[in-house]
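Asks: Before anything else, here's the structure in question.
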Amino acid sequence: MIILYELHWSHYCEKIRWALDFKQLSWKKININAFTKKEIIQYGNEQNRHLVPFIFDDKTSVGMQESTPILRYFEQTYPDSPALFPIELDQFELVDRWLIELDSKLGLAARRLGYAQLIMEKPTILATLFLPQKLKLLALPGFCHLSSAILSMLLIKRFQLEKNEEYDLYEEVESYLISLSKILENKKYLAGDKFSAVDLTLAVYLRPLRIVPFFYDNPQLKSLFSWQENLFREHNREDTLLYETLIVQNRQKKPPVRRKIRDNNSTSGYLNLLSKNQEGKKIAFNDQESVWTWKILLCPYYLFFKIKKRAISQFNATESIR
Ligand SMILES: N[C@@H](CCC(=O)N[C@@H](CS)C(=O)NCC(=O)O)C(=O)O
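Using the numbering used here, the first residue of the sequence shown is number 91, and each one after it goes up by one.
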């Protein structure tokens, strides 16, 4: 039996749930406490970084984190299960390179953009995701707003969300996704002609962007999101996660937060820099920073003046707002 320790809404964890089901392995999941992480700390870790997804395989007594190395481990340890990587070495390495690129670019960018959307549009969803249900007090309106603001600031600090605009992240991700969508114009799968780990990874990393109208309402990305939905359907994956359902409910009362479309197409090159730094490496880049440094004091400023201030609430998209 394999135990998957997870935060259910994390797209990195969704990648592992899908891989476990696809490979028909016997597994169960345990949700961790996002603050104490005591469930995974018990396994120890030399790097002292405790991340989910984390798996423990009681058949081999192996415990590990990092989604792409976990997929490699499944493939090597359970060769008789349906394959997520090609057998030929050069094709295996090609898939592996794709995975590290997607983890280091799209995985991180989608997380930044998804959290920023929740912070701008409905931060109380963060409290629903992060805070233990047992703490009923925190669900009361006053507490809920306060805890959501605190959670927003912690996330801003953890991922430096205030830099999203400085990195031209919306434009960067848009042009990256358009390039992926072009690859998928004439073929069903991203690497080779069979479903592989690359397809499931791209599909789950697109999920947080479904709540960001800048991407989901972009006519140039329609076919990419349809590709994703078809793949989810074919593989019986979860239709919507809790944060998506909650944001849809909220949009029945209040319009979504949208963003200005820029006239010029020049971008910072941030995503390319990320993938260049990771070239040839076996583990993805991560952009998490320690929360507890003096810069935490700047987070109220970042929250109100760099993130909330940019929120444009509109019923309908226009030519310059999406
Ligand atoms: N590169 C890693 C990324 C994993 C990661 O960043 N996980 C986040 C959840 S999305 C996490 O564990 N965060 C805990 C924390 O920030 O302390 C992978 O592919 O698994």
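Note that CB positions come from ideal geometry on N, CA and C, so glycine has one too.
Find the nearest neighbour of L110 within the set W99, K366, Y168, G359, judged by alpha-carbon distance.
Replies: Position 20 of the sequence shown, counted from the start, is the residue given in the question as residue 110. Checked all of W99, K366, Y168, G359; the closest Cα to L110 is Y168.
Asks: Can you tell me which residues form a DSSP beta bridge with G153?
Replies: Here residue 153 refers to the residue found at position 63 of the sequence shown. Partner(s): F146.
Asks: DSSP on E191, reduced to helix/strand/coil?
Replies: Sequence index remark: in the sequence shown, residue 191 carries index 101 (1-based). Looking at E191 - three-state DSSP - the assignment turns out to be helix.
Asks: Could you name the residues of the same chain whose beta carbon sits closer than 7 angstroms to that of I386, not counting the 5 residues immediately before and after it, in chain order?
Replies: For the purposes of this step, residue 386 is taken as the residue at position 296 of the sequence shown. Within the same chain, I386 has close Cβ partners K247.
Asks: Spell out a yes or no on whether the region 229-236 and the region 324-342 are touching, meaning 3 or more CB-CB pairs, one atom from each, closer than 8 angstroms.
Replies: The region 229-236 vs the region 324-342: no contact.
Asks: Between the C-alpha atoms of G282 and Q404, what's the straight-line distance to the nearest angstrom?
Replies: Taking the first residue of the sequence shown as 1, we reach residue 282 at position 192. Taking the first residue of the sequence shown as 1, we reach residue 404 at position 314. When rounded, the distance between both Cα atoms is 42 angstroms.
Asks: Pull up the CB-CB distance for I130 and V142, whole angstroms please, since I reckon it's below 8 angstroms.
Replies: For the purposes of this step, residue 130 is identified with residue 40 of the sequence shown, where counting begins at 1. For the purposes of this step, residue 142 is identified with residue 52 of the sequence shown, where counting begins at 1. With 8 angstroms as the limit, I130 and V142 qualify as a contact, their Cβ atoms being about 7 angstroms apart.
Asks: Residue ranges of each beta strand (DSSP E) run of no fewer than 3 residues wholly in the region 254-283, ordered along the chain?
Replies: Listed in chain order, there is nothing to give.
Asks: Using the beta-carbon count (16 or more within 10 Å), is E156 buried or exposed?
Replies: Locating residue 156 in the sequence shown gives position 66, counting from the first residue. It counts as buried.
Asks: Return the bridge partner residues of L94 from the DSSP annotation.
Replies: Residue numbering aside, residue 94 sits at position 4 when the sequence shown is read from its first letter. Partner(s): K119, I145.
Asks: Tell me whether S403 sits in a helix, a strand or coil according to DSSP, three-state version.
Replies: Translated into positions along the sequence shown, residue 403 becomes position 313. DSSP places S403 in strand when its eight states are reduced to three.
Asks: Using the beta-carbon count (16 or more within 10 Å), is D193 buried or exposed?
Replies: The sequence position of residue 193 within the sequence shown is 103, counting from 1. D193 is buried by the Cβ-count criterion.
Asks: Assuming contact is defined by CB atoms lying nearer than 8 angstroms, are L115 and F164 in contact in what I supplied?
Replies: Indexing the sequence shown from 1 puts residue 115 at position 25. Indexing the sequence shown from 1 puts residue 164 at position 74. Yes, these two residues count as a Cβ contact at 8 angstroms.
Asks: From Y95 to I122, what distance separates their C-alpha atoms?
Replies: As a first step, residue 95 must be located in the sequence shown, where it is residue number 5. As a first step, residue 122 must be located in the sequence shown, where it is residue number 32. Approximately 6 angstroms, taken between the alpha carbons.
Asks: Taking 7 angstroms as the cut-off, is the beta-carbon of N406 closer than that to any non-hydrogen atom of ligand 1?
Replies: Within the sequence shown, residue 406 is the residue found at index 316, counting from 1. N406: no, Cβ never under 7 angstroms from ligand 1.
Asks: In three-state terms, what does DSSP make of K350?
Replies: For the purposes of this step, residue 350 is taken as residue 260 along the sequence shown, with counting starting at 1. K350: strand per DSSP, three-state reduction.
Asks: Taking S100 as the reference, which of G153, R139, L331, F146 has the closest Cα?
Replies: For this step, residue 100 is matched to residue 10 along the sequence shown. Closest by alpha carbon: L331.
Asks: Give the range of the alpha helix (DSSP H) segment to which D289 is assigned.
Replies: Position 199 of the sequence shown holds residue 289. Its alpha helix (DSSP H) spans residues 287-296.
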